[in-house]
Amino acid sequence: MVIVVLLSMAVIVRHWAFVTAPTLKAAEQTKAELLITPYTQLLESAVDEGDESQLGDILNQLVLLEDVTYNEPIVLSLKISLLDGRVIERHNTIKRNTTPFRAETPIFSPRTMELLGSVKLEYNDAFYNRLIGEVWWEMGASMLMALLLLVAMQYWVRRLLRPLTELSNRLVRVDLDTQPSLPPADPALSTEILQVWQSIEQLFSRLRQRDEALESEHAAAQAALQAKLEAETASREKSQFLANMSHELRTPLNAIIGYSEMLYEEVGESGNAEMAGDLVRIVNSGKHLLSLINDVLDLSKIEAGKMQLYLDDLNLPQLVCEVMDNIEPLIASNNNTVDVLCDEKIGSIHADEAKLKQVLINVLGNAAKFTHNGEVGLTVERLTDDTGEWVLFKVRDTGIGISEEQQKNLFKAFTQADESTTRKYGGTGLGLTISRSMCQLMGGDITVSSHPGEGSIFEIRIPVQVGGGEDDKNLDVLAEGMSESLGEIERQKSEASGLKKLSDNSPLVLIVDGDSSEIDLLQRMLGEEGFRCECSKTGREGLEKAANLIPALIILDITLPDTSGWTVLSQIKKNPLLLHVPVIVHSMIDERATAAALGAAGYLSKPTGRHELMAMVQGQLQTSDSSTVLVIDADVDARRMSRMVFENEGWQVTECGDGEVGMMRVAELMPSAIVVDAGLEKMPVIDFVEALREHELWRSIPVLVLTEETLADEYRAALLTHVDMVVEKGPYSLDTLLRRLRELMGAESSAAMA
Amino acid sequence: MSQVRLTIWLVLGLMLSEVLVADESEKRRVDISISIFPRIVAVDNHFREKLEVGNKVRLLFVYDEDRSLAESLMARIGKDGKMIGGMKIVTQLASVRAPLPDNEVPVAIFLVERLDDAQLARVITFAEKKHRLLFSPYSGDVERGVMVGISVTNRVKPFFNLQALRRANVEINALLMKMSKRYE
């Protein structure tokens with residue numbers, strides 16, 4: 007700022023010195039010139055006429071003139087120099103040094119126009135000098151004043167800003183980490199600065215508080231994260247423990263129960279009743295121990311939050327039937343009667359079948375256990391209230407009843423009504439705890455109403471639509487498998503040419519399990535039922551055997567030594583030659599949904615009893631054995647009509663709208679026959695049958711073609727090289743079709759039984 | 809449209825006023841010059857050698873178109889029997905379009921009007937050849953080669969073209985020269 011002021015001053019001074027002052031000087035010079043001009047004519051006349059008196063007057067007049075502003079004569083001297091040598095002059099003496107302005111003009115004779123001489127005038131510079139002096143003085147004074155003001159202003163500004171500067175310096179030196187607050191302000195500071203200081207102190211304090219709050223939030227977040235990590239670790243460890251314990255505990259028990267049952271059957275045949283009785287006790291003890299282990303593991307799973315729901319649509323009457331089939335022997339064993347009230351049209355429930363059954367069996371089992379010579383009843387009804395739609399299962403008995411005190415502990419783990427009840431009736435004390443947890447997991451609950459000696463009523467309330475679990479609906483792994491290139495299919499085809507043809511026609515079951523004792527058990531159980539078995543202890547061996555043998559069924563354990571059973575299952579389902587082979591997952595790991603998602607046909611939990619095993623195996627083989635007709639027609643109504651007719655014949659029907667999907671269905675189902683419409687657009691029927699016949703495995707599948715138009719002879723002939731029959735659609739076409747299909751299906755069944 | 813017309817009239821008016829002002833200025837120059845001209849004639853150091861028979865001071869007034877102006881100026885300079893150096897003044901008119909008088913050489917020549925370059929050059933050549941003072945009242949003519957004119961500042965001073973004077977071999981009184989404006 008000082009520089010700006012000084013520069014401005016320099017500009018002003020320069021302008022004054024080089025522009026204004028010279029202009030003033032020139033103006034004074036002009037004044038001198040102008041002063042003499044009007045007197046020149048008078049002087050010319052006076053000189054020309056030789057009138058010295060007049061000349062003297064003129065000169066005196068001029069030199070007499072005085073400036074009132076500075077009280078000095080205007081003309082310092084006046085001098086007339088004539089050509090004839092005469093000089094006439096007048097002077098004014100003043101007591102100072104002067105640099106007068108000079109003006110000289112020639113004088114001519116008015117008569118003769120001749121040059122007479124010249125007149126020289128000295129014009130007082132007093133006005134000019136004074137003006138210049140005053141201006142310089144004023145300018146200098148102003149500049150000096152400006153400089154002084156500037157200096158003073160700078161001083162005052164610095165002085166005013168000093169507290170702010172000091173404040174700023176102090177703030178810079180403040181160490182937020184070590185100092186809890188600002189150092190105290192200097193009381194000598196001005197009020198305004200003190201206010202600023204206080205405001206900054208308050209801001210500092212708020213920042214500090216926020217800092218502390220953020221730190222504690224961060225610490226809490228860190229702690230929460232740590233706790234979460236620890237909890238996750240603990241959860242993982244618990245899950246691993248549960249998995250290990252499940253496997254370690256159940257495997258030997260499975261062997262004990264399985265071998266005991268087998269021995270029992272053998273002993274029973276031999277008539278050794280005493281040994282049979284011992285074996286029964288071993289089996290029962292094993293099952294009891296298994297039940298206890300299952301309960302404990304279930305409870306652990308529930309507490310660990312690892313219990314999962316596998317949801318599906320369940321037909322309620324069918325479910326009730328299955329439960330009652332299971333529990334009726336127990337009810338009857340205490341001479342109790344059974345009363346079931348379940349409307350045939352009650353509909354379905356979307357819930358976890360296994361868990362719901364477990365709950366019902368548990369509650370009904372308790373009712374049976376604690377009732378003698380009485381009645382055990384089950385009522386199933388629908389209920390709608392403000393909270394939604396529910397299915398209510400009421401289990402009532404006329405048993406010993408439960409006191410209010412006992413009801414308080416009823417759903418607690420490891421407690422029965424009381425110790426005497428435990429001694430008399432047995433049990434683990436976990437059943438109701440687990441049942442309630444399962445109900446609550448499904449969004450429902452169990453409640454009890456009872457009085458000692460009057461029996462009990464247990465109400466199991468489950469939502470009609472249980473949510474939050476995994477649906478048992480399969481992902482379509484077939485599409486993924488079938489999206490493989492034809493090259494893969496060709497490769498499989500060339501491998502299939504090395505298929506072993508076993509002479510024995512009994513169904514072949516491939517067992518893939520890493521446990522030798524498990525293999526042995528299964529092999530013996532299946533063998534006794536007339537099945538042929540092949541076994542593999544590793545996944546790799548299992549895949550090789552499956553590809554080579556094309557078994558009727560595969561029983562697959564998930565825990566394999568070389569790979570995961572899931573991988574094996576996926577590979578099986580990717581193999582077009584094995585797509586149609588049902589796979590039953592036989593495992594201790596309860597991953598029903600995963601099994602279904604990967605294409606397993608069924609699931610069995612280890613240890614599996616003979617009956618359960620055979621029911622599953624027979625069911626799968628029956629399903630795969632039953633005649634399936636694949637209907638391929640773009641017309642939905644035509645397909646519907648065909649379905650009705652063929653299902654009426656007792657055949658299973660699968661339908662699709664085009665040849666490409668049809669190829670997928672063939673690989674998936676290995677149908678007994680294919681009925682295809684000749685008017686397919688996406689994949690012409692000739693292309694479809696040619697592609698079908700390229701695969702050795704599908705060559706034998708009978709194909710019947712339905713056509714709306716009369717085909718050209720040549721085209722018909724081409725078709726007939728690949729298909730069994732071409733039928734024009736008409737009033738009797740379906741009859742013709744049916745007759746032929748019956749012939750073909752009948753021939754196939756005979757060939758299968760032979 | 810009216811604004812355009814107004815602008816045009818304004819410009820024309822300004823041009824006209826400039827012309828008028830210029831005319832007025834030149835008229836004053838001519839008026840002052842006609843008073844100064846005789847004095848300049850008298851300061852020619854060889855003025856008396858250039859008199860014509862009968863010791864008369866012949867002054868030539870050269871004009872282009874405005875003969876009446878020349879006549880009025882002639883009348884003013886000879887008014888009341890003015891004399892230069894005690895000698896009677898004789899005035900003469902000459903048109904620049906006609907040959908300048910070769911036999912009756914004047915003492916000095918006065919340019920009545922502004923002349924174009926060719927005309928001026930002819931008159932200058934004539935004056936220099938005849939060693940006669942050539943005076944022009946018009947600004948710029950001294951710079952164009954005329955020997956003497958006037959310089960109007962805070963005072964009216966004679967304005968001499970020294971080279972032209974040398975070419976014409978005309979000498980001017982040193983005292984006056986000292987007090988005059990000079991063009992080299």
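Listed in order, the protein sequences are those of chains A and B.
Going by our numbering, the first sequence runs without a break in its numbering and finishes at 760.
Going by our numbering, the second sequence runs without a break in its numbering and finishes at 992.
The C-beta atom is built at its ideal place from N, Cα and C for all residues, glycine as well.
Since we're looking at a predicted model, the values are computed, not measured.
- Chain A places no beta carbon closer than 8 Å to that of B/Met882, leaving this residue out of the contacts.
- Residue contact with chain B for A/Met145: absent (no Cβ-Cβ distance below 8 Å to any residue of chain B).
- Your pair A/Val273 and A/Met281 checks out as a contact, with CB atoms roughly 5 Å apart and the cut at 8 Å.
- With a threshold of 8 Å between beta carbons, B/Arg963 makes contact with chain A.
- DSSP lists no beta-bridge partner residue for A/Trp572.
- Pairing A/Gln626 with A/Ala607 gives a Cβ-Cβ distance under 8 Å.
- A/Met149 carries a helical assignment under DSSP once its states are collapsed to helix, strand and coil.
- Taking the Cα positions, A/Val691 is about 36 Å away from A/Ser512.
- Scanning chain A for C-beta atoms nearer than 7 Å to the C-beta of B/Val851 yields Leu121, reported in chain order.
- The contact set of B/Asn981 on chain A, defined by CB atoms closer than 7 Å, consists of Leu121 in chain order.
- Cβ contact annotation for A/Trp572 (same chain, cutoff 7 Å, sequence separation greater than five): Ile564, Thr600, Leu604, in chain order.
- One finds Asn962, Arg963 in chain B with Cβ atoms closer than 7 Å to the Cβ of A/Glu39, taken in chain order.
- Short of 7 Å from the beta carbon of B/Gln927, and not among the five residues preceding or following it, lie these beta carbons of its own chain, in chain order: Asp872, Val904.
- In the DSSP assignment, A/Gly283 falls within the alpha helix (DSSP H) that extends over 279–309.
- For A/Arg117, the closest Cβ of chain B is nearer than 8 Å.
- If you keep only unbroken beta strand (DSSP E) runs of at least 3 residues inside the segment 526–609 of chain A, you get 538–542, 559–562, 589–593.
- Residue state for A/Trp657 is assigned as coil, using DSSP reduced to three classes.
- Excluding its 5 nearest sequence neighbours in each direction, A/Arg645 has C-beta neighbours in its own chain below 6 Å: Val637, Asp639, Glu661, listed in chain order.
- Not a single CB atom of chain B sits nearer than 8 Å to the CB of A/Ser148.
- Interface annotation, B/Met823: not in contact with chain A, CB-CB separation never under 8 Å.
- Rounded to the nearest angstrom, the Cβ distance from A/Ile263 to A/Leu296 is 7 Å, consistent with a contact under 8 Å.
- Ranked by how close their Cα comes to the Cα of B/Met955, the residues B/Lys965, B/Gln971, B/Lys887 have B/Gln971 in first place.
- From the listed residues A/Leu166, A/Glu655, A/Asp192, the smallest Cα separation to A/Arg176 is found for A/Asp192.
- Secondary structure note for A/His356: it is in no alpha helix (DSSP H), and the uninterrupted beta strand (DSSP E) holding it is 354–358.
- Listed along chain B, the residues sitting closer than 7 Å to A/Thr36 by beta-carbon distance are Asn962.
- According to the DSSP assignment, B/Arg990 belongs to no alpha helix (DSSP H) but to the beta strand (DSSP E) extending over 989–991.
- Around the beta carbon of A/Trp162, fewer than 16 other beta carbons sit within 10 angstroms, so the residue counts as exposed.
- At a Cβ-Cβ threshold of 8 Å, A/Ile206 and A/Pro169 do not count as neighbours.
- A distance below 6 Å between beta-carbons, with the five flanking residues on each side excluded, links A/Leu167 to no residue of its chain.
- For A/Ala718, there is no enclosing beta strand (DSSP E), since its DSSP letter is neither H nor E.
- Three or more Cβ pairs closer than 8 Å define a contact, and the segment 18–29 of chain A falls short of that threshold against the segment 77–92 of chain A.
- DSSP, reduced to helix, strand and coil, places A/Pro469 within a strand of the structure shown.
- Within chain A, the C-beta atoms nearer than 9 Å to that of B/Met987 come from Glu110, Thr111, Pro112, Ser124, in chain order.
- For A/Thr43, the neighbours in chain B by C-beta distance under 8 Å run, in chain order, Arg963.
- Per DSSP, reduced to three states, the secondary structure at B/Lys938 is helical.
- In the displayed model, A/Asn321 falls within a strand according to three-state DSSP.
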